[in-house]
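One structure below.
Protein chains in written order, with our numbering: chain A, 11 to 324; chain B, 24 to 305.
Right, dumping it as structure tokens:
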């Protein structure tokens, strides 16, 4: 059948040319969109990173001055980057064991496991911005339910100002971003677990392995590729986190919980009550370039890992 | 002896699962229930989950005073065009990538792949806005709609490509012999075979559009009447009147999360499929 088709096409080069034209026409609108909305912004950012430009004054070419500023005179940028990595790391420490544990538990044919799966995945469908808003209400220091519950249980005597010092605010940020994504990661692990042949476990049982031995000698090595994927997605997701921070803390207190994306974002747009800082497109662009390179390096590592993962599958 | 050990083990597991489930659902339930409380009750706080008195006026007020009727309409408008557009554009792109034979297609495909690794996230918003301004599209939701529809969402496109690749090419060949061209094969044969794909991409696009915050925010920042729900709800927090309008904010949040909640309850299978496939294939 296939052969006939190929021969048929060879006999009618005109038809194939027509097909080619149609093919290119079909992809053209999306290609233009892609070039305008994905490629152009990157080029725009690279270009203006060499300029002193705030949108009103005339742009002035200053060479590498912006980059020198990023690397030598802007500790706040590096603090925001540090915060980002701290959130990513601490979040992962809790999230990955939790998601893996839930996946292992729900992979058994427990009664109600479908129900729990749907419940745990639920937070990932909501708007991150609205989630940020919801939790800022829950953790509100005067009338938030969290303080009220802690007080009623006798765990605290005075209301905690969750957003008035850095460590509490970071705790809330990590908790919220954990809440939004642990279900998604659980589903990734479940997919990995379903690919493990049941015969492996049966053999282990015959050899008298207990639950923990089965987990550490079969389950963990078998889900290792998924584990790598989850780790990388989690790091990249945290690196790109913007909405949540803007709505939840907006950098409070005093910019100490700013992450890298929100820090740069505020040099592009004045956001919220943070109008004191003026926008500086040129400088923001150079920070965007630096961040993109850092992101790119992390993704390259991810790419290498997923290659390895494919090789392992084959 | 062994059996009781197992029962205890299961009981412990269930307790852990139930506690986690409560923690997961609690914020949503709390917000939905509190949206019926009076503003005074909310401001006093306390551990009461249920409102002392069920007030429906919060919703009425939010709908008229805070203009949530308008915002809801904007959100529906926005979601409708993003969903319809994304389904068509991602399927067309997926079809071309799966079946196309020209060099141009291959180059574009590789470029889209590369774009996954060179991304500046929300930092591309400013250049995008400048672009929209230069063609007079800022201040409306059409800018974000066009960006979503034609911006080649890599995840959606790759899911579509993967799905269409699985459809046997024999069907194409048969149609070709009957005189169908490349495009005609798409809308006569491939499109009708893609119903599960339409469900997945459509839901993903719906979720993106309905929860979108920063993109519509920067485009419609000064046009209050064009805001979608999420932008309007969040603006209540920073607008300084926050203290006097907690009840409005809670009603607004409920209005914005309820549609998503209902859709998820009925179609959670497709949601889970879409979000996971996207990440693994992408």
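Note that CB positions come from ideal geometry on N, CA and C, so glycine has one too.
Identified DSSP bridge partners for residue 70(A): Along the first chain, read from residue 1 onward, the residue named residue 70(A) stands at position 60. Bridge partners of residue 70(A): 62(A).
Determine the extent of the alpha helix (DSSP H) in which residue 127(A) is found, giving its start and end residues. Here residue 127(A) refers to the residue found at position 117 of the first chain. Its alpha helix (DSSP H) spans residues 123-131.
Straight-line gap, residue 76(A) to residue 299(A) (C-alpha atoms, nearest Å): Residue mapping note: residue 76(A) aligns to position 66 of the first chain, counting from 1. Residue mapping note: residue 299(A) aligns to position 289 of the first chain, counting from 1. Roughly 11 angstroms between the two C-alpha positions.
With a threshold of 16 other CB atoms inside 10 Å of the CB of residue 380(A), please say whether the residue is buried or exposed. Since the first residue shown for chain A is 11 and the last is 324, residue 380(A) is missing from the structure and cannot be characterised.
Assign residue 314(A) to buried or exposed, taking buried as 16 or more other Cβ atoms, counted over all protein chains shown, within 10 Å of its Cβ. Indexing the first chain from 1 puts residue 314(A) at position 304. That one is exposed.
Spell out whether any CB of chain B is found under 8 angstroms from the CB atom of residue 37(A). In the first chain, counting from the first residue as 1, residue 37(A) sits at position 27. Yes, contact with chain B.
What number of angstroms, rounded off, separates the C-alpha of residue 292(B) from the C-alpha of residue 189(B)? Counting from one through the second chain, the residue named residue 292(B) turns up at place 269. Counting from one through the second chain, the residue named residue 189(B) turns up at place 166. Residue 292(B) and residue 189(B): Cα-Cα distance of roughly 20 angstroms.
Please name the residues in the stretch 244-255 of chain B whose beta-carbon is closer than 9 angstroms to at least one beta-carbon of chain A, in chain order. 244, 252, 253 and 254
Would you mind telling me which residues of chain A sit closer than 9 angstroms to residue 204(B), beta carbon to beta carbon, in chain order? Counting from one through the second chain, the residue named residue 204(B) turns up at place 181. Under the 9 angstroms cutoff, chain A gives 25, 28, 29 and 32.
If you compare alpha carbons, which of 40(A), 297(A), 302(A) and 305(A) is closest to residue 78(A)? Here residue 78(A) is taken as the residue at index 68 of the first chain, counted from 1. Selected option, being the one with the closest Cα: 297(A).
Can you pull the chain A residues whose beta carbon is under 8 angstroms from the beta carbon of residue 260(B), in chain order? For the purposes of this step, residue 260(B) is identified with residue 237 of the second chain, where counting begins at 1. Ordered by position in chain A, the residues that pass the 8 angstroms Cβ test against residue 260(B) are 143, 146 and 257.
For chain A, find out if any of its Cβ atoms is closer than 8 angstroms to the Cβ of residue 233(B); answer yes or no. Here residue 233(B) refers to the residue found at position 210 when the second chain is read from its first residue. It does; some Cβ of chain A falls within 8 angstroms.
So is residue 130(A) in contact with chain B if we call contact Cβ pairs under 8 angstroms? For this step, residue 130(A) is matched to residue 120 along the first chain. Yes, because at least one Cβ of chain B sits closer than 8 angstroms to the Cβ of residue 130(A).
Can you give me the Cβ contacts of residue 210(A) inside the same chain, cut-off strictly under 8 angstroms, excluding the 5 residues immediately before and after it? Taking the first chain and counting its residues from 1, one reaches residue 210(A) at position 200. The answer, listed in chain order, is 228 and 232.
Note down the Cα distance separating residue 140(B) from residue 257(B), rounded to an integer number of angstroms. Against the second chain, residue 140(B) aligns to sequence position 117. Against the second chain, residue 257(B) aligns to sequence position 234. Each residue's alpha carbon lies about 31 angstroms from the other.
Would you decide whether residue 157(B) is buried or exposed? Buried here means 16 or more other CB atoms lie within 10 Å of its CB. What you label residue 157(B) is simply residue 134 of the second chain in a count that begins at 1. By the 10 Å Cβ count, residue 157(B) comes out exposed.
Residue 138(B) CB to nearest chain A CB: under 8 angstroms? Here residue 138(B) refers to the residue found at position 115 of the second chain. For residue 138(B), the answer is yes, since a Cβ of chain A falls inside 8 angstroms of its Cβ.
Can you find at least 3 beta carbon pairs, one from the stretch 243-255 of chain B and one from the stretch 53-72 of chain B, that sit closer than 8 angstroms? no
Quick check: residue 197(A) and residue 100(A), are their CB atoms within less than 8 angstroms of each other? Along the first chain, read from residue 1 onward, the residue named residue 197(A) stands at position 187. Along the first chain, read from residue 1 onward, the residue named residue 100(A) stands at position 90. Cβ atoms of residue 197(A) and residue 100(A): not closer than 8 angstroms.
Give me the Cα-Cα distance between residue 13(A) and residue 198(B), rounded to the nearest whole angstrom. In the first chain, the residue the question calls residue 13(A) occupies position 3. In the second chain, the residue the question calls residue 198(B) occupies position 175. Here residue 13(A) scores only 44 on pLDDT, less than 50, and its place in the model should not be relied on; the value that follows carries that caveat. Answer to the nearest angstrom: the Cα atoms are 14 angstroms apart.
Return the CA-CA distance between residue 96(A) and residue 310(A), expressed in angstroms with no decimal places. On the first chain, residue 96(A) is found 86 positions in, with the first residue counted as 1. On the first chain, residue 310(A) is found 300 positions in, with the first residue counted as 1. Taking the straight line joining both Cα atoms gives about 21 angstroms.
For a quick check, are the C-beta atoms of residue 130(B) and residue 131(A) less than 8 angstroms apart? Position 107 of the second chain, counting from 1, holds the residue named residue 130(B). Position 121 of the first chain, counting from 1, holds the residue named residue 131(A). No, these two residues do not count as a Cβ contact at 8 angstroms.
For the 8 angstroms Cβ check, are there 3 or more pairs between the stretch 33-53 of chain A and the stretch 269-281 of chain A? no
Let me confirm a value: residue 11(A) is counted as buried when at least 16 other C-beta atoms fall within 10 Å, else exposed. Which label applies? Locating residue 11(A) in the first chain gives position 1, where the first residue counts as 1. The pLDDT assigned to residue 11(A) is 40, lower than 50, so where the model puts this residue is not dependable; a value taken from the coordinates is nonetheless given after this. The residue in question, residue 11(A), is exposed, as its Cβ has fewer than 16 Cβ neighbours within 10 Å.
Using the beta-carbon of each residue, which ones in chain A are nearer than 7 angstroms to residue 69(B)? Along the second chain, one-based indexing puts residue 69(B) at 46. What residue 69(B) touches in chain A: 158.
First and last residue of the uninterrupted alpha helix (DSSP H) at residue 235(B): Residue numbering aside, residue 235(B) sits at position 212 when the second chain is read from its first letter. Unbroken run through residue 235(B): none, as it is neither H nor E.
Check whether the Cβ of residue 291(B) lies closer than 8 angstroms to any Cβ atom in chain A. For the purposes of this step, residue 291(B) is taken as the residue at position 268 of the second chain. So, interface residue.
Got a sec: is the Cβ-Cβ distance from residue 278(A) to anything in chain B below 8 angstroms? Taking the first residue of the first chain as 1, we reach residue 278(A) at position 268. Yes, residue 278(A) lies at the interface with chain B (some Cβ there is under 8 angstroms from its Cβ).
Interface residues of chain A facing residue 150(B) [CB-CB closer than 8 angstroms]: Sequence index remark: in the second chain, residue 150(B) carries index 127 (1-based). Chain A residues near residue 150(B): 50, 51, 54 and 55.
To the nearest whole angstrom, what separates the beta carbons of residue 36(A) and residue 206(B), a pair I think is in contact under 8 angstroms? As a working mapping, residue 36(A) is identified with position 26 in the first chain. As a working mapping, residue 206(B) is identified with position 183 in the second chain. Right, the Cβ-Cβ distance comes to about 6 angstroms (below 8 angstroms), so this counts as a contact.
Can the beta-carbon of residue 257(A) be found less than 8 angstroms from the beta-carbon of residue 142(A)? Taking the first residue of the first chain as 1, we reach residue 257(A) at position 247. Taking the first residue of the first chain as 1, we reach residue 142(A) at position 132. In contact: residue 257(A) and residue 142(A) (Cβ atoms closer than 8 angstroms).
So, under 8 angstroms CB-CB, residue 221(B) and residue 70(B) are touching, yes? Tell me the CB distance rounded to an integer number of Å. As a first step, residue 221(B) is located in the second chain; it is residue number 198 there, counting from the start. As a first step, residue 70(B) is located in the second chain; it is residue number 47 there, counting from the start. With 8 angstroms as the limit, residue 221(B) and residue 70(B) do not qualify as a contact, their Cβ atoms being about 46 angstroms apart.
Alpha carbon of residue 19(A) to alpha carbon of residue 26(A), nearest angstrom: Here residue 19(A) refers to the residue found at position 9 when the first chain is read from its first residue. Here residue 26(A) refers to the residue found at position 16 when the first chain is read from its first residue. In this predicted model, residue 19(A) has a pLDDT of only 48, less than 50, meaning its place in the structure is not dependable; the value taken from the coordinates is given anyway. Approximately 6 angstroms, taken between the alpha carbons.
Have a look at residue 188(A) and residue 31(A) and give me their C-alpha separation to the nearest angstrom. As a working mapping, residue 188(A) is identified with position 178 in the first chain. As a working mapping, residue 31(A) is identified with position 21 in the first chain. Straight-line Cα distance between these residues: approximately 48 angstroms.
If contact is defined by three or more beta carbon pairs under 8 angstroms, each pair taking one atom from either stretch, is the stretch 108-119 of chain A in contact with the stretch 199-216 of chain A? yes
Compute the Euclidean distance between the alpha carbons of residue 59(A) and residue 71(A), then round it to the nearest angstrom. Counting from one through the first chain, the residue named residue 59(A) turns up at place 49. Counting from one through the first chain, the residue named residue 71(A) turns up at place 61. The straight-line gap from Cα to Cα measures roughly 9 angstroms.
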